[in-house]
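One line per chain: the protein sequences are A and B, in this order.
Here the first sequence is numbered in UniProt numbering, starting from 1 and rising by one per residue.
Here the second sequence is numbered in UniProt numbering, starting from 1 and rising by one per residue.
Number of protein chains: 2
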Amino acid sequence: MGDGAASDEFDVIVIGGGPAGENAAQYAIAGSDRTAALVERELVGGECSYWACMPSKALLTPVHFLDRARHLRGITGTGIDLDAVLARRDDFTAHHADTGQVAWAQSVGVAVIRGAGALAGDRRVRVGDRELIARQAVVLATGSTALIPDVPGLRAALPWISRDVTNLRELPRRVLILGGGVVACEAATWLSAFGAAVTMVVRGDRLLGGMEPFAGERVASALAERGVEIRFGAGLDAVTRTSPAATGAGRIHGGPVTATVGGTVLEADELVVATGRAPATAGLGLATVGLDDRAVAVDDHLTAIGVAGSWLYAVGDVTGRNLLTHMGKYQARVCGDVIAARARGGPLDGPRYRATADHGAVPAVVFSAPEVATVGRTEQAARTAGFTVVAVELDISVAGSALLRDDYAGHAKLVVDRSTGRLLGATFVGPDVGELLQAATVAVVGEIPVEQLWHAVPAYPTVSEVWLRLLEKLRDR
Amino acid sequence: MGDGAASDEFDVIVIGGGPAGENAAQYAIAGSDRTAALVERELVGGECSYWACMPSKALLTPVHFLDRARHLRGITGTGIDLDAVLARRDDFTAHHADTGQVAWAQSVGVAVIRGAGALAGDRRVRVGDRELIARQAVVLATGSTALIPDVPGLRAALPWISRDVTNLRELPRRVLILGGGVVACEAATWLSAFGAAVTMVVRGDRLLGGMEPFAGERVASALAERGVEIRFGAGLDAVTRTSPAATGAGRIHGGPVTATVGGTVLEADELVVATGRAPATAGLGLATVGLDDRAVAVDDHLTAIGVAGSWLYAVGDVTGRNLLTHMGKYQARVCGDVIAARARGGPLDGPRYRATADHGAVPAVVFSAPEVATVGRTEQAARTAGFTVVAVELDISVAGSALLRDDYAGHAKLVVDRSTGRLLGATFVGPDVGELLQAATVAVVGEIPVEQLWHAVPAYPTVSEVWLRLLEKLRDR
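Below you can see the structure in the form of structure tokens.
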């Protein structure tokens, strides 16, 4: 069988071998002689490794770099070699071979079983003809799949989804992107940087809904400067395509696409659907344990709600908690620790056993240009949650930002609980702000009063000095 | 007189108009109708703005950028135009005009008085023929000056000091650098990147003494790869120079320099002395208030120790506490708040009134290539201070670092107090690690147990994910 799994019985069975599943399996058996199996129907490593985070960031790194080169006096002649960028991207996806990931799983004692796993009742998992038994726990980590809205002609047109645009092999001359969220903004960034004429069709009135409004506004302005046309408040009414063809991921899927958007007819060489993702529960056998086919609701121990016996867990996108790789991995670490503690018969009374960060301390970085980095609650969300807040915001303009590039433009905002003085949320927009976020995440999680943050001196001259400006502004309130 | 100071009497007089002096004056009178004067003998803005932080970082930014370009597949043709880099550097030093800084001081209600200020007894400051009276406080913020060691022929050779090498106008073909600290390492980085043949003469057995040993080791390796020759355990015995000439800052100060180093004779076109700095107390009139000419010792309210009446303060390098611009500014903010509180007759009982970060929470970034970023205590320092520590370290190797450049090489270390689980110190070495530091500084200042840091999830894929690896390693201990 070649999967290292001679037995059909394991202490822990994880369905879905993405980053969350891998971590759950690893943590659940770490330092013990218990056994775990990882059931994966595609590639061990999951969506993130081959079709999402890794290829998209590999495409965006050179774009950000080039941007900076063009705005740093003294630097000459920087260009981009698209073929080399795509080749580097392919190295980051290991050319869609999961040999390395499988070797890693086996090195930490996790057996890999190929196939689509499904629940088959209490502690039972079916993989093809095979029925596996979990002595202790089953973890669902199947992730999510791209949503394709129900628009006449859309499915028949074989539009690109995120998997295609991250695995870009042919650059369409004209691209229509449906959506205004993270995937849409990032894809518009690299496609336009590589030379495509991009039009975004956005249902709402801004990009990056759910974040502080200035984030979407700044990304929209930057995209417009790159020549991207953004149609807000617009929906796709119908699509037709000349000879659609399943040419493979990242290749143009046929002839020109004609799309009707609010009465206007737009033509493009490819259409990218980036309208969100849904938990991947189809065919997962949830009915066999009494659950319906929606996101698998879990408590803070990542234990499925509504299933007796504390044997069923879920982590990552399939829970619908936070559709972010790092939060899936975080949940998986907590879940694995919970499973291990329960196996030892130990109590679950430490902070280690609760995925508390899922509530109010979720970091996210959008690798658009400018980048957007956010953690915790927006001002609006904090008010809605009943907090009395003080919010301060300002343009990022410190020595460190001026040094970084000649025309540095960024903006930052802190949301503070007026009654406790604790940070509830932070948002940074600007070039390379992604690495500024961890300080805010530590402050939110650590529940440090801003009065104490005053003594966390930023080194001069770094961009982190924006903290000083923000805290000075808070003092004045 | 053109200094906006018609009166000779002020509530607060600050001697020294660098960043620390500016902040002390601003904070001391903010939101009040009290008056402050800033006495400056050179340029308002100080060493940092014209001769240290700003010009050095302006020289290093393109060097770091070029480094990255050469190690990011897909990026082509990046070069550097030295004249443009020097011109950009000159813009960052405002071409040594302090018009902008003077305008800023006046905009916050601080009068600027040109001249060398000196104490002339209790609450008296002499500037040339003029005697000023401070109704409440005098703040000493005169900074520090470069030390020139007592080596035969050295002073007569007119060596470069940090001011010359940051204000580089002629690139010497062969440069000898005396010293192995921050200034020496940074100067060696840009001089070698611009094409000079650099030899460092280092008294000790490593670079960046006082930091974790791996920091200096990694910087030394990188400098060696750039062709820099480093002579450890070596001292300068004697120097001779053909026709030394005071040609101005950043210009070669005469003919070839011959230096005897441990019996070997080395020849260079310029010699840079970077062997440390001493508090600038000469001529400051400290004897008139009963102090000697050493660093001005202060308590955590930045109030001079040994002077009755709580009217004399000192901030920045002249205190000898921490010779870093951002710590000087930090002390100045606290000092200004203390002066303001005392003027109001209020108590000094909040955390705002104590410069606690000076003890155990000092961040520093060395902008060498690789960068070094450090906060708090090294493992050795923590042990010496009596802590029982757990230390973990590892090479920085996460998705975010691999994306950043093809050959990313970095190292990180955390030092944790075993009894409280709190972070005592952190060190990061690698490309662009400067912005990673603030998260560690927040954790150190916030006294957050590492068990709680576990829930500060780093966003994927950022370099900050190194936190996860470090915390995982700590768990295993």
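Ideal Cβ positions, reconstructed from N, Cα and C, are used throughout, including at glycine.
Note that the structure is a prediction, hence the values are computed from the model and not measured.
Under the DSSP assignment, F214/B falls in the alpha helix (DSSP H) whose first and last residues are P213 to E225. Residue environment for H95/B: exposed (fewer than 16 other C-beta atoms within 10 angstroms of its C-beta).
By alpha-carbon distance to R321/B, the top candidate from S144/B, G235/B, I80/B and A399/B is S144/B. Taking 8 Å as the CB threshold, Q438/B lines the interface with chain A.
With its beta carbon at least 8 Å from every one in chain B, W51/A lies outside the interface. Among the residues facing chain A, M211/B is not included, as its CB has no counterpart in that chain under 8 Å away. Around the Cβ of S243/A, a 10 Å sphere holds fewer than 16 other Cβ atoms; the residue is exposed. The Cβ-Cβ distance between V289/B and V307/B falls below 8 Å. Interface with chain A (8 Å Cβ-Cβ cutoff): Q452/B is included. Boundaries cannot be given for F367/B, as no beta strand (DSSP E) includes it and DSSP labels it neither H nor E.
Contact annotation: A118/B and L284/B have beta-carbon atoms nearer than 8 Å. At a cut-off of 8 Å between beta-carbon atoms, F194/A makes no contact with chain B. Each of H326/A, T388/A, H455/A and H253/A was checked against the Cα of Q438/A, and the nearest Cα belongs to H326/A. Inclusion of V39/A and G115/A in the CB contact set at 8 Å is warranted, their separation being smaller than that value.
For P62/B, the nearest beta carbon of chain A is closer than 8 Å to its own beta carbon. A Cβ-Cβ distance of about 5 Å is found for the pair V201/A and V261/A, placing them in contact under the 8 Å criterion. Of the candidates H64/A, T93/A and D90/A, the residue whose Cα lies closest to the Cα of G79/A is H64/A. For the C-beta of P431/B, not a single chain A residue is nearer than 7 Å; the gap to the nearest is close to 12 Å. For V201/A, the enclosing beta strand (DSSP E) covers residues A197 to V201. Against chain A, the CB of V398/B has no partner CB under 8 Å away; the residue lies outside that interface.
With fewer than 16 other beta carbons inside 10 angstroms of its own, R344/B counts as exposed. By the C-beta density criterion, D358/B is buried, having at least 16 other C-beta atoms within 10 angstroms. The three-state reading of DSSP puts L208/A in coil, since its state is none of H, G, I, E or B.
Interface criterion not met: the Cβ of H359/A is under 8 Å from no Cβ in chain B. Under DSSP, D417/B shares a beta bridge with V389/B. Checking the DSSP bridge columns, you'll see Y313/B partnered with V139/B and T303/B.
Note: G430/B is bridge-paired with E371/B in the DSSP secondary-structure output.
Distances from the alpha-carbon of R130/A to those of W190/A, A224/A and E9/A put E9/A closest. In the DSSP annotation of this structure, the continuous segment of the beta strand (DSSP E) that includes P279/B starts and ends at R277 to P279.
Within the segment 108-163 of chain B, no run of alpha helix (DSSP H) reaches 4 residues while sitting entirely inside it. Within the same chain, E379 and V415 come within 6 Å of A391/A by CB-CB distance, once the 5 residues on both sides are set aside. Residue pairing for T240/B: DSSP places it in a beta bridge opposite T258/B.
In the DSSP assignment, T288/B falls outside any alpha helix (DSSP H) and carries neither an H nor an E. With a cut-off of 8 Å on Cβ pairs, the segment 400-420 of chain A is in contact with the segment 459-472 of chain A, counting three or more such pairs.
What K57/A touches in chain B, judged by beta-carbon distance under 7 Å, is L403 and P461, going in chain order. Look at L38/B here: in three-state DSSP terms it is strand.
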